[in-house]
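Enquirer:
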Amino acid sequence: MSHRSALLKIYHRLFECYGPQNWWPADSPFEVMVGAILTQNTSWSNAEKALNNLKKSDALNIHSILKLTEKELAKLIKPSGYFNIKSKRLKNYVTWFEKEGRFNCLNKLDDNILRERLLNVNGIGPETADDILLYAFERPVFVIDAYTRRLLKSMKMIDGAESYEKLRFFFESSLSADIGLFKEYHALIVRHAKEKCTHLKNCRHCIVETPM
DNA sequence: ACCCAGGGTCATA
DNA sequence: TATGACCATGGG
0 MSHRSALLKI
10 YHRLFECYGP
20 QNWWPADSPF
30 EVMVGAILTQ
40 NTSWSNAEKA
50 LNNLKKSDAL
60 NIHSILKLTE
70 KELAKLIKPS
80 GYFNIKSKRL
90 KNYVTWFEKE
100 GRFNCLNKLD
110 DNILRERLLN
120 VNGIGPETAD
130 DILLYAFERP
140 VFVIDAYTRR
150 LLKSMKMIDG
160 AESYEKLRFF
170 FESSLSADIG
180 LFKEYHALIV
190 RHAKEKCTHL
200 KNCRHCIVET
210 PM
């Protein structure tokens, strides 16, 4: 079976199981970017608490994040963990976003150029960059995370030690560049992981009957 | 009391 | 390039 067929089969099985996830949960693209940083190595429920604190303080905007001191911001995002580092990363990212002319200018850049620019911002690694590219900038980039790697490995479709870029290329070269599909696929993989289904057989959350 | 969560940076070899 | 230390809260 081709990689394309296998990946589509997995997607359809996940969708059949869980339905549309409608990611990313946010009121605006800006909130997506902030949330992507806050949820780094942190449960979404904790990141959400931090986001709610920012909203309550009317601080979920460029001006407030730049105006708040590092300590004030850290206090607001405390529930997300790593609050000192994330405070720096947030201010750092928003400073860059403002300097680059926000969405108006950044939207004009090609996908790969924009990705390189994002990766050059301290605190933005490959996964956070791709979250932002896919869910805030609506670019056809496939997000890889630990769950994605685990899933493909359990399917015996990869060895497991492949680089982030290699896995991203695996998805992007096998599937057509469909933003809606990429958004839903990554969300479904995370949803599936939350069901704590680690095996493949005899389970109602089973993705396929047999490994591919 | 432990383990993990929608990662990334930096120093070291 | 490839490991290891570090960052820190909240829920199970």
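Quick note on numbering: numbering that gives the first Met the number 0 labels position 44 of the first sequence as 43, and the sequence is numbered without any gaps. Virtual Cβ for every residue (Gly too), placed ideally from N, Cα, C.
(1) Do the CB positions of L65 and T41 come within less than 8 Å of each other?
(2) Less than 6 Å between C-beta atoms, sequence neighbours within five positions excluded: which residues of the same chain meet that for D144?
(3) If I follow the unbroken alpha helix (DSSP H) through E71, where does it start and stop?
(4) Buried or exposed: where does I123 fall if 16 or more other Cβ atoms within 10 Å of its Cβ makes it buried?
(5) Does the stretch 133 to 141 come close enough to the stretch 174 to 189 that 3 or more CB-CB pairs lie under 8 Å?
(6) From N52 to M0, what distance separates their C-alpha atoms?
(7) With a threshold of 8 Å, are at least 3 pairs of Cβ atoms found where one atom belongs to the stretch 28 to 42 and the other to the stretch 186 to 197?
(8) In whole angstroms, what is the alpha-carbon distance linking L151 and Y17?
(9) Quick one: what does DSSP say I112 is sitting in, helix, strand or coil?
(10) How is K195 classed by DSSP in three states: helix, strand or coil?
(11) CA-CA distance, A128 and R148?
(12) According to DSSP, is W43 part of a helix, a strand, or is it coil?
(13) Only counting the same chain, and skipping five residues up and downstream in sequence, which positions put a Cβ closer than 7 Å to that of K98?
(14) Smallest Cα separation from L37: which of H2, L75 and L67?
(15) Since F170 and F141 are thought to touch, with beta carbons under 8 Å apart, how far apart are those beta carbons, to the nearest angstrom?
(16) For K87 and V120, what's the separation of their Cα atoms in angstroms?
(17) Please state whether DSSP places A160 in a helix, a strand or coil.
(18) Could you check what DSSP says for P125 in three-state terms: helix, strand or coil?
(19) Whose CA, out of E69, P78 and T68, lies closest to the CA of A49?
Expert: With the structure as the only source:
(1) no
(2) E126
(3) E69 to L75
(4) buried
(5) yes
(6) 49 Å
(7) No, because fewer than three Cβ pairs between the stretch 28 to 42 and the stretch 186 to 197 fall closer than 8 Å, the two stretches do not touch.
(8) In this structure, the alpha-carbon of L151 lies about 19 Å from that of Y17.
(9) helix
(10) The answer is coil: DSSP assigns K195 none of H, G, I, E or B.
(11) 17 Å
(12) helix
(13) none
(14) L75
(15) F170 to F141, Cβ: 4 Å. Contact.
(16) Straight-line Cα distance between these residues: approximately 11 Å.
(17) Judged by DSSP in its simplified three-state form, A160 adopts coil rather than helix or strand.
(18) In the structure shown, P125 sits in a helix (DSSP, three-state: H, G or I).
(19) P78
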